[in-house]
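In the working numbering, the protein residues as written are 149 to 388.
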């Protein structure tokens with residue numbers, strides 16, 4: 149829907165990319181509600197859908213050689229928990245861009261680090277494509293919408309709200325505490341919460357993802373990742 153105001157022709161890609169999964173089980177259970185997705189895209193005014201299979205995108209095999217310099221941010225946060233993930237992401241996005249040759253590309257803010265890596269990839273190849281970051285869409289209770297949410301049990305679904313609640317706490321109390329105090333208090337939301345394992349919670353520079361040293365720093369974002377039951381979730385909120 150956001151793309152309608154930015155382009156004459158809108159193409160959406162649906163492809164579960166094997167090279168960005170570090171855990172084969174994660175790839176195997178990744179949701180693929182194709183009919184549902186196609187219906188939503190039609191309702192949203194999409195002009196076409198690109199749905200290649202693995203052989204089309206990786207004719208020489210999914211293990212084809214690819215590595216580019218994405219900067220230090222590749223190895224922070226998600227990069228610490230999913231080794232090589234962003235090489236796989238940028239590899240397939242470059243293939244998509246080569247196939248479609250877009251003027252504008254839309255990506256969701258929920259994968260904040262992914263958007264940054266794609267921007268770094270564009271700079272690496274000097275591609276004249278404008279990246280638009282689409283705001284996170286949330287359920288009425290604040291949970292960030294994600295295809296992974298279907299794996300949450302009733303209890304997990306309730307516990308998953310801790311991600312948005314801890315982020316909202318930082319946003320609401322940003323003027324009241326130091327960065328270190330805000331992070332400590334946000335992490336305390338996850339203590340003694342059965343079935344929830346915190347991977348990270350950080351307030352970072354939105355351009356580098358390095359931990360913010362003080363609140364006066366520009367372009368700050370709070371990012372979190374946690375395993376809720378057997379499902380790993382990520383979320384973020386832009387502070388300024």
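Beta carbons are placed, not taken as given, at the ideal position from N, Cα and C, and that holds for glycine.
Discussion item. Count Cβ pairs between the segment 183-192 and the segment 241-257 that sit closer than 8 Å; are there 3 or more?
Written reply: no
Worksheet item: Would you report the Cα separation of residue 290 and residue 342, rounded to the nearest angstrom?
Response: Taking the first residue of the chain shown as position 1, residue 290 is located at position 142. Taking the first residue of the chain shown as position 1, residue 342 is located at position 194. In a straight line, the C-alpha of residue 290 is about 20 Å away from that of residue 342.
Discussion item. I need the straight-line Cα distance from residue 222 to residue 373, nearest angstrom please.
Written reply: As a working mapping, residue 222 is identified with position 74 in the chain shown. As a working mapping, residue 373 is identified with position 225 in the chain shown. The straight-line gap from Cα to Cα measures roughly 16 Å.
Worksheet item: Counting pairs of beta carbons, one from the segment 360-374 and one from the segment 269-282, are three or more of them closer than 8 Å?
Response: no
Worksheet item: Can you give the Cα-Cα distance for residue 305 and residue 321, rounded to whole angstroms?
Response: As a first step, residue 305 must be located in the chain shown, where it is residue number 157. As a first step, residue 321 must be located in the chain shown, where it is residue number 173. Rounded to whole angstroms, residue 305 to residue 321 spans 25 Å at the Cα level.
Item to complete: Thinking residue 400 and residue 261 are a contact (beta carbons under 8 Å), I'd like their distance in whole angstroms, please.
Response: The shown model of the chain, from 149 to 388, leaves out residue 400, and the question about it has no answer.
Worksheet item: So, helix, strand or coil for residue 281, using DSSP?
Response: Within the chain shown, residue 281 is the residue found at index 133, counting from 1. Three-state result, residue 281: strand.
Worksheet item: Span of the beta strand (DSSP E) holding residue 380?
Response: The residue labelled residue 380 in the question sits at position 232 within the chain shown. Start and end: 379-386.
Worksheet item: Which residue comes first and which comes last in the beta strand (DSSP E) that contains residue 371?
Response: Taking the chain shown and counting its residues from 1, the one referred to as residue 371 is at position 223. Element bounds for residue 371: 368-376.
Fill in: Three-state secondary structure (DSSP) of residue 346
Indexing the chain shown from 1 puts residue 346 at position 198. Reduced to three states, the DSSP call for residue 346 is strand.
Worksheet item: When DSSP builds the beta bridges, which residues end up paired with residue 256?
Response: Within the chain shown, residue 256 is the residue found at index 108, counting from 1. In DSSP, residue 256 forms a bridge with 282.
Worksheet entry | Beta-carbon separation (whole angstroms), residue 335 vs residue 317, contact threshold 8 Å | Residue 335 sits at position 187 when you count from the first residue of the chain shown. Residue 317 sits at position 169 when you count from the first residue of the chain shown. With 8 Å as the limit, residue 335 and residue 317 do not qualify as a contact, their Cβ atoms being about 11 Å apart.
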